[in-house]
């Protein structure tokens, strides 16, 4: 039998779907086509896929995901055929039922892009924003050693970033010991000294540490006042993460692998989190808004995770503008000029430009970018 909470969820989902489908339908907004363009950055090799939806009235919308297997593409195309672009919650339910939830985030971005273009307004205005007029920027630093990380930070700082994600030193075995903990602290102290007083840092554990190592590292860097300690250990052990959060003043950020609002509720119930980090490519705009609304009632900030391409960056900036509890937005900063040029070509402009630590919000209709489909073909990489 269904418990009461699940029964209420099903009823509410049914009401939402029924409401969406009973509204007068504009045939011009009915989805009639879907194509996916897999792309690959020439230097870094980073891969992602740009999804394009076409409506009967000729409006196109774009989204982005990490990958789009051909079997899923055909199921998504069938699920969306004839559906109005306004019914993105209905679309999400259909994709869940067809086993193509991997594309849910991209479809959500594309449908909102269509609705914004139809209304001639930025997506964040459709969502009740903007709650701010710029979004704080966070750059992950690539590199295997302290010198490489310092060089990456210098390049990102010259591009306008003032906040950086720093990976922990490699953990070669379980329970690293004091030498590894001191290496973590030294790495952050070295980068802070090089960056100056105006820089902020996030320490990234990559969900790969043992609870003991994560707890020791969190305690060792308390006085450095990090923005947060990201993914210190796997989510399977919420009790251990809770101890890390409770025993040190270093905030904990989690969520890049979560898919549902229920997972956010579990983290909040365990009092194990200070910043939620759902992935924009994985979850899309609408679902992260629901997650952030739940987090806001617990005074928890939202800093969505992003490691993909420029279409998802544009979506993330609209999301940032619509969230009252938005904190900061992570966006990849490629080392190579060729990769940065590719991303600007695809977006049709400098949507990822940073000035004094902040992104400007897109101002055009929809996602506010003019996706260059010639660039998608130019940088095509492998299968979707």
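Numbering (this note's numbering), first residue to last: 681 to 1064. Idealized CB from N, CA, C, for every residue including glycine.
- With fewer than 16 other CB atoms across the displayed protein chains lying within 10 angstroms of its CB, residue 873 is exposed.
- The C-beta distance from residue 934 to residue 950 rounds to 10 Å, too long to meet the 8 Å contact threshold.
- Secondary structure at residue 813: coil, using DSSP grouped into helix, strand and coil.
- Looking at the DSSP output, residue 734 bridges to 713 and 740.
- The C-alpha of residue 818 is placed about 21 Å away from the C-alpha of residue 1048.
- Taken through DSSP and simplified to helix, strand or coil, residue 939 comes out as coil.
- When only Cα atoms are considered, residue 983 and residue 827 end up about 27 Å apart.
- If you ignore the 5 residues before and after residue 708, its C-beta comes within less than 7 Å of the C-beta of 735, 736 and 737, all in its own chain and listed in chain order.
- Under the three-pair Cβ rule at 8 Å, the region 983-1002 counts as touching the region 809-818.
- Nearest in C-alpha terms to residue 838, of all of 1035, 1042 and 1043, is 1035.
- Cβ contact annotation for residue 892 (same chain, cutoff 7 Å, sequence separation greater than five): 855, in chain order.
- According to the DSSP secondary-structure assignment, residue 1035 is paired through a beta bridge with 1038.
- Judged by DSSP in its simplified three-state form, residue 768 adopts helix.
- Just so you know, the alpha carbons of residue 807 and residue 863 end up roughly 44 Å apart.
- Per DSSP, the continuous alpha helix (DSSP H) segment holding residue 785 begins and ends at 784-799.
- With fewer than 16 other Cβ atoms from the protein chains shown falling within 10 Å of its own Cβ, residue 905 counts as exposed.
- Cβ atoms of residue 913 and residue 876 stay farther apart than 8 Å, at about 31 Å.
- With respect to the 7 Å criterion, residue 843 and residue 880 are classified as neighbours on the basis of their beta carbons.
- For residue 927, the closest C-alpha among the options 937, 895 and 955 is that of 895.
- Closest by C-alpha distance to residue 713, out of 930, 723, 764 and 728, is 764.
- Where residue 934 is concerned, the enclosing beta strand (DSSP E) starts and stops at 932-934.
- The continuous stretches of beta strand (DSSP E) do not include residue 751, which lies in the alpha helix (DSSP H) extending over residues 750-760.
- Counting C-beta atoms within 10 angstroms of its own C-beta, residue 788 has 16 or more neighbours from the protein chains shown and is therefore classed as buried.
- In the DSSP assignment, residue 981 is bridged to 955.
- Within a 10 Å sphere around the beta-carbon of residue 1037 sit 16 or more other beta-carbons, which makes this residue buried.
- In terms of Cβ geometry, residue 733 and residue 756 do not form a close pair [threshold 7 Å].
- Residue nearest to residue 722 within the set 1028, 923 and 1014 is 1014 (criterion: CA-CA distance).
- Taken in chain order, the unbroken stretches of alpha helix (DSSP H) that lie wholly in the region 871-935 and span 4 residues or more are 891-900 and 918-927.
- Cβ atoms of residue 889 and residue 851 come within 8 Å of each other, at about 6 Å.
- Where residue 1050 is concerned, there is no enclosing alpha helix (DSSP H), because DSSP gives it neither an H nor an E.
- In this structure, 744 is the residue among 710, 744, 740 and 1024 with its C-alpha nearest to the C-alpha of residue 986.
- Where residue 843 is concerned, the enclosing beta strand (DSSP E) starts and stops at 843-847.
- In this model, residue 752 and residue 1004 are separated by some 34 Å (Cα to Cα).
- When 1006, 857, 924 and 989 are compared, the shortest CA-CA separation from residue 1030 is found for 989.
- Here the alpha carbons of residue 1028 and residue 994 stand approximately 11 Å from one another.
- Only residues of its own chain outside the window of five on either side were considered, and among them 752 and 755 have a CB closer than 8 Å to the CB of residue 779, listed in chain order.
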